[in-house]
Amino acid sequence: MSERTAAPDLDRLIAEMPKAELHIHLESTTQPSTAVELAGRHDLAHTLPTTDPDRLSDWFEFRNFADFIRVIKAIQNLIRTPDDFALVTYQAGADMAEQNIRYRELTVSPYNHTHIFDKGLAFRDILDGLEEGRRSVRTDFGVEIRWVFDIARNFCFSGPERVYDPAPAETTLRYALAGQESGVIGLGIGGDEDRAPPEPFAPAFRQAKRAGLRSVPHAGESLRPWAADHVRGSVETLGADRIGHGIGAIRDPHLLAVLADRAIPLEVCPTSNLRTRACERIALHPFPHLDGMGLTLTLNSDGPPLFGATLNDEYRLLADEFGYGLEDLVRIARNGFTAALCEPALRRSLLEEFDAWAAEHGLGATSAS
Numbered sequence: 002m003s004e005r006t007a008a009p010d011l012d013r014l015i016a017e018m019p020k021a022e023l024h025i026h027l028e029s030t031t032q033p034s035t036a037v038e039l040a041g042r043h044d045l046a047h048t049l050p051t052t053d054p055d056r057l058s059d060w061f062e063f064r065n066f067a068d069f070i071r072v073i074k075a076i077q078n079l080i081r082t083p084d085d086f087a088l089v090t091y092q093a094g095a096d097m098a099e100q101n102i103r104y105r106e107l108t109v110s111p112y113n114h115t116h117i118f119d120k121g122l123a124f125r126d127i128l129d130g131l132e133e134g135r136r137s138v139r140t141d142f143g144v145e146i147r148w149v150f151d152i153a154r155n156f157c158f159s160g161p162e163r164v165y166d167p168a169p170a171e172t173t174l175r176y177a178l179a180g181q182e183s184g185v186i187g188l189g190i191g192g193d194e195d196r197a198p199p200e201p202f203a204p205a206f207r208q209a210k211r212a213g214l215r216s217v218p219h220a221g222e223s224l225r226p227w228a229a230d231h232v233r234g235s236v237e238t239l240g241a242d243r244i245g246h247g248i249g250a251i252r253d254p255h256l257l258a259v260l261a262d263r264a265i266p267l268e269v270c271p272t273s274n275l276r277t278r279a280c281e282r283i284a285l286h287p288f289p290h291l292d293g294m295g296l297t298l299t300l301n302s303d304g305p306p307l308f309g310a311t312l313n314d315e316y317r318l319l320a321d322e323f324g325y326g327l328e329d330l331v332r333i334a335r336n337g338f339t340a341a342l343c344e345p346a347l348r349r350s351l352l353e354e355f356d357a358w359a360a361e362h363g364l365g366a367t368s369a370s
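Quick note: the sequence shown uses my numbering, first residue 2, plus one each step.
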């Protein structure tokens, strides 16, 4: 790896570097102050442990994946109108401008909002709010957002036999197809992978891909024994164009070769993996090993307010913990643009902007796309 740059210069260059972020949940971008504001709008202060934003920040800190699910569901419950969706989207765009993130693919779980909580919310309400926020972000900050509609595994399997219910997947697919003209580019699955393999979701993903959506499932988010199986299943049965997280692939050398040969990118979120206890210590995180094996890795935050690290912080982590120099960080950052699933003209434009920045700083980004 390249020689490390002095800390102040590296921090400045990371902040200035144009970036793309491909794995971040809309609800996870919600600031504590915004959660308090939304709770006040809807007389839901009783659903939060406190209405002091500073103290609520402590509540955002979770201990494991199950605790994360608890917090994210509480936030989802607060987002109840088109204006709420527009507000959260706008604030996500403001954060992009602050970090010089030029492009984001934000994950949303619309089924949760229309079916899990009693909101009286129609899908069109969600889409209208998302689109209003997306337009405002483009106008005010000059950044681009696209959407991945996500199926929450947690609501698809029930009972001790873990019987699969296709309704959440079928409904989410219907929503995603209806949202294609409003920036929806992919179908995903998320949530707790334990006893929730990808294979039952194959019919929904086949239909999605036939209709032009891309397949972007979470898989292998942990290093548990079944994690590599879930990555393999997502590739073989869901036709994955990218894998959310994917760190569990490290357990299977043959699978790693498949991911490298097919250039299937992984959306890696190191701090998120630590916070959910998918990985106990950063020294054990497989990022540098996966990178060294020739996989296409992208770097992502998963949601700064909930995980406690911005995308800029994640790049600094690569330098501090794994010895990545600026040339390496630029290489990883460029992967974010090449792995973006937006329309080709936009991807080319983003890459041209990135390569021009790299050339200006003598960092030699390759022009291949």
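C-beta: ideal position from N, C-alpha, C; glycine also.
The structure presented is a predicted model; accordingly, all values stated were derived computationally and were not measured.
Sorting ALA67, LEU364, ARG71, PRO169 by C-alpha distance to the C-alpha of PRO50 places ARG71 at the top. Scanning its chain for C-beta atoms nearer than 7 Å, with the 5 sequence neighbours on each side dropped, one finds around ALA209 the residues LEU174, ALA177, LEU188, SER216, in chain order.
Unbroken beta strand (DSSP E) runs of no fewer than 3 residues, entirely contained in the stretch 204 to 246, are found at 244 to 246, following chain order. By the 16-neighbour rule on beta-carbons within 10 angstroms, THR48 is exposed. Assignment of beta-bridge partners to LEU188 by DSSP yields PHE150, SER216. Classified as buried, GLN100 has 16 or more neighbouring CB atoms from the shown chains inside 10 Å of its CB. By the 16-neighbour rule on beta-carbons within 10 angstroms, GLN77 is buried.
Our two residues, TYR325 and LEU260, have alpha carbons roughly 22 Å apart in a direct line.
Under the three-state reduction of DSSP output, VAL89 falls in the helix class. For GLU106, there is no enclosing alpha helix (DSSP H); the residue is part of the beta strand (DSSP E) that begins and ends at 102 to 109. Take GLY234, set aside five residues on each side of it, and the residues of its chain with a beta-carbon closer than 8 Å to its own are PRO198, PRO199, GLU200, ALA220, in chain order. For LEU57 against ALA36, the beta-carbon gap comes to about 6 Å, under 8 Å, which counts as contact. The continuous alpha helix (DSSP H) containing VAL259 extends over residues 254 to 262.
For THR277, the closest alpha carbon among the candidates LEU27, GLU354, PRO19, PHE66 is that of PHE66.
Counting every other CB atom within 10 Å of its CB across the protein chains shown gives THR272 a total of 16 or more, marking it as buried. With respect to the 9 Å criterion, ALA16 and PHE338 are not classified as neighbours on the basis of their beta carbons.
When only Cα atoms are considered, ALA284 and HIS43 end up about 43 Å apart. Restricted to the stretch 8 to 87, the beta strand (DSSP E) segments that are unbroken, complete and at least 3 residues in length are 20 to 26, listed in chain order. Separation of the CB atoms of GLY134 and ALA87 is rounded to 4 Å, and the pair is thereby assigned contact status at 8 Å.
Contact check for VAL89 against VAL149 fails: the beta carbons are separated by 9 Å or more. Taking a C-beta distance under 9 Å as the contact criterion, ILE244 and PRO218 qualify as a contact pair. Between the alpha carbons of ALA93 and GLU132 lies a distance of about 13 Å. Per the coordinates, the alpha-carbon of GLY295 lies some 9 Å from the alpha-carbon of ALA264.
Around the beta carbon of ASP59, fewer than 16 other beta carbons lie within 10 angstroms, which makes this residue exposed.
For LEU275, the closest alpha carbon among the candidates GLY309, ALA229, LEU39, GLU182 is that of GLY309.
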